[in-house]
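Trainee: All residue numbers for the sequence shown refer to our numbering, where the first residue is 1 and numbers rise by one.
The C-beta atom is built at its ideal place from N, Cα and C for all residues, glycine as well.
Everything numeric in this text was worked out from a predicted model, so none of it was measured.
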Amino acid sequence: MEIRPITADEVPAFRQTISRAFGDDPSDDDDADERFRAFFDLERTYVPFDGDEMVGASGSFTFDVSLPGGTATPMGGLTVVAVKPTHRRRGILNSMVQAHFDDCGARGEVVSGLWASESSIYGRYGYGVAAPVHDLTIDAPAAGVPAAPDEVRLITVDEAGKVFPGIYDSVFTARPGQTSRNDVWWKEREFRDPAHWRGGASERRYLAAFRDGTAVGYATYRQKAKWENSVANGSVTVIELLGVDSDARLSLWSLLCSIDLFPNVTADNQPPDLELPWQVANPRAIQRKELDGMYVRVLDVPGALGARRYGTSDRITIEVVDTMGIADGTYALEGSPDGASCSPTTETADVTMDVATLSALYLGADLADTLARAGRIDGSGEAVARFGAMLRSPIAPNCPEVF
Ligand SMILES: CC(C)(COP(=O)(O)OP(=O)(O)OC[C@H]1O[C@@H](n2cnc3c(N)ncnc32)[C@H](O)[C@@H]1OP(=O)(O)O)[C@@H](O)C(=O)NCCC(=O)NCCS
């Protein structure tokens, strides 16, 4: 079966293949195909054809992903993965993932990242959960969110267009796991708001927090009204909330948790180390559900490990087992808070793991000890402790957006 990039003429069929796989229909607004062509890099599509029939879809976003220690590295973001129900379980996904890895390799992307529809699919390709998330359900009146110092204003989408990208860029490397955004991403993903994306809720509302006249944080949300026995029980869905510091974030949470008639606040894909539960009077009013979040797959071990920074200054040898033969080998990693280098070695490994395990640790999630106890890292207790201390990030990785 041929796997190839699509042409501009094939965009309608591509969009239909993706939508159908996820139980939807492509939107039929006049310029949808044209916008898709402007947004999506068609050269980065890997699409299977059975004769003339398009029988699946997949493609990549071109990102930088932020890393521990305030650096970033190129990452191919695998997305829109779908196989027609008539052609499932014939190895088409295997071929599309291989095509994506080849493409990442050719472009110097040392890691791949994705969000999975099912957590059972991607471990076989060497992906590990690198940035787990918390989905929050907040009983806002009960939580007791304190007031905070920054002034919060509702702004228009045009004003948001001037304010949000600058704030995002300023916090981009402050937390590992965040993906870079260009102008077309902001336009199509953050500021476009067609009615069929709203799920019966309001259009997006845009908030910004200001300190001495300077924007220091922002939030995007929707509202959905509900009345029960004449009592208001509406919901606020927070789409994204970012701030330059804790005061900025608390100012936004404080506003979002105090909107009259809307006592239920939900916020998906929050970082597991969110400070909010430690700031409120009643933390149990903030229910947290942990989910898998963003997956990462290390493709080039020296490139990937050399790009990030480390919690301790140490040297360790790592054997990586990769059944796909991409990252296989033993490597010496020398790293510190200021820099790192990694190269193949013939030395005996201090720690041994499969590539999905290394990938789960790559963004700094505090997991080495757990993974060793789960039987996924071999090595002495002392070696695992040193390895874990090196890789752990004081700021938990988080990708605020599903792609
Ligand atoms: C997930 C999907 C892309 C798989 O495509 P496919 O072509 O049937 O997959 P393949 O035949 O290449 O399967 C490769 C391997 O993955 C396994 N696999 C495929 N889908 C799986 C799933 N949903 N759960 C668990 N294992 C799965 C296969 O059993 C096979 O394992 P094997 O090598 O041990 O035999 C397809 O089922 C689909 O389009 N699903 C709906 C949309 C979706 O969920 N897309 C993923 C978005 S992240």
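1) Under a Cβ-count criterion, where at least 16 other Cβ atoms within 10 Å of its own Cβ denotes burial, should Asp350 be classed as buried or exposed?
2) Would the beta-carbon of Val320 fall within 7 Å of that of Val296?
3) Should the stretch 213 to 220 be regarded as contacting the stretch 151 to 166, the criterion being three or more beta carbon pairs within less than 8 Å?
4) Return the chain-ordered list of same chain residues with a C-beta closer than 7 Å to the C-beta of Ile6, the five sequence neighbours on each side being excluded.
5) Which of the three DSSP states is assigned to Phe40 in this structure?
6) With Val11 and Phe36 assumed to form a contact (beta carbons below 8 Å), what rounded beta-carbon distance in angstroms separates them?
7) Note the first and the last residue of the continuous beta strand (DSSP E) segment covering Gln223.
8) In the DSSP output, which residue or residues are listed as bridge partners for Phe63?
9) Decide yes or no for the touch test of the stretch 85 to 101 against the stretch 55 to 64: beta carbon pairs closer than 8 Å, at least 3 of them.
10) Between Pro194 and the rest of its own chain, which residues show a CB-CB distance below 8 Å, the 5 nearest in sequence each way excluded?
11) Going by other Cβ atoms of all chains shown within 10 Å of its Cβ, with 16 needed for buried, is Trp227 buried or exposed?
12) Less than 6 Å between the CB of Ser112 and some heavy atom of ligand 1, yes or no?
13) Do Leu67 and Arg308 come within 7 Å of each other at the CB atom, strictly closer than that value?
14) Could you give the C-beta distance for Thr179 and Val65, rounded to a whole number, given that I count them as a contact under 8 Å?
15) Does the beta-carbon of Arg89, which I'm using as the reference point, lie nearer than 6 Å to any heavy atom of ligand 1?
16) What is the DSSP secondary structure of Arg373, reduced to helix, strand or coil?
17) The beta strand (DSSP E) spanning Asn264 covers which residue range?
18) Any idea if Leu291 is buried or exposed, counting beta-carbon neighbours within 10 angstroms, 16 or more meaning buried?
19) Please return the same chain residues whose Cβ sits closer than 6 Å to the Cβ of Val402, not counting the five positions on each side in sequence.
20) Given the structure, does Glu118 come close to ligand 1, in the sense that its CB is under 6 Å from one of the ligand's heavy atoms?
Mentor: In this structure, then:
1) If you draw a 10 Å sphere on the C-beta of Asp350, you find 16 or more other C-beta atoms in it, and that means buried.
2) Here Val320 is not near Val296, since their CB atoms are 7 Å or more apart.
3) Yes, since at least three Cβ pairs between the stretch 213 to 220 and the stretch 151 to 166 fall closer than 8 Å, the two stretches touch.
4) Excluding positions up to five away in sequence, the list reads Phe14, Leu42, Thr45 and Val47.
5) In the structure shown, Phe40 sits in coil (DSSP, three-state: anything other than H, G, I, E or B).
6) Going by Cβ atoms, the distance from Val11 to Phe36 rounds to 6 Å, so yes, they are a contact pair.
7) Start and end: Thr214 to Lys224.
8) In the DSSP assignment, Phe63 is bridged to Met75.
9) With a cut-off of 8 Å on Cβ pairs, the stretch 85 to 101 is in contact with the stretch 55 to 64, counting three or more such pairs.
10) In chain order, Ser27 and Asp29 place their CB closer than 8 Å to the CB of Pro194, counting only its own chain and leaving out the 5 sequence neighbours on each side.
11) Here Trp227 is exposed, its C-beta having fewer than 16 other C-beta atoms within 10 Å.
12) At a threshold of 6 Å, Ser112 does not count as near ligand 1, since its beta carbon sits no closer than that to any of the ligand's heavy atoms.
13) It is a contact, given that the beta carbons lie within the stated cut-off.
14) That belief holds up - the Cβ atoms of Thr179 and Val65 are roughly 6 Å apart, short of 8 Å.
15) Judged by the Cβ position, Arg89 qualifies as a neighbour of ligand 1 at the 6 Å threshold, a heavy atom of the ligand being closer than this.
16) If DSSP states are grouped into helix, strand and coil, Arg373 belongs with the helices.
17) Where Asn264 is concerned, the enclosing beta strand (DSSP E) stretches over Asn264 to Gln270.
18) Counting Cβ neighbours within 10 Å, Leu291 comes out exposed, since fewer than 16 surround it.
19) The residues are Trp115.
20) The answer is yes for Glu118.
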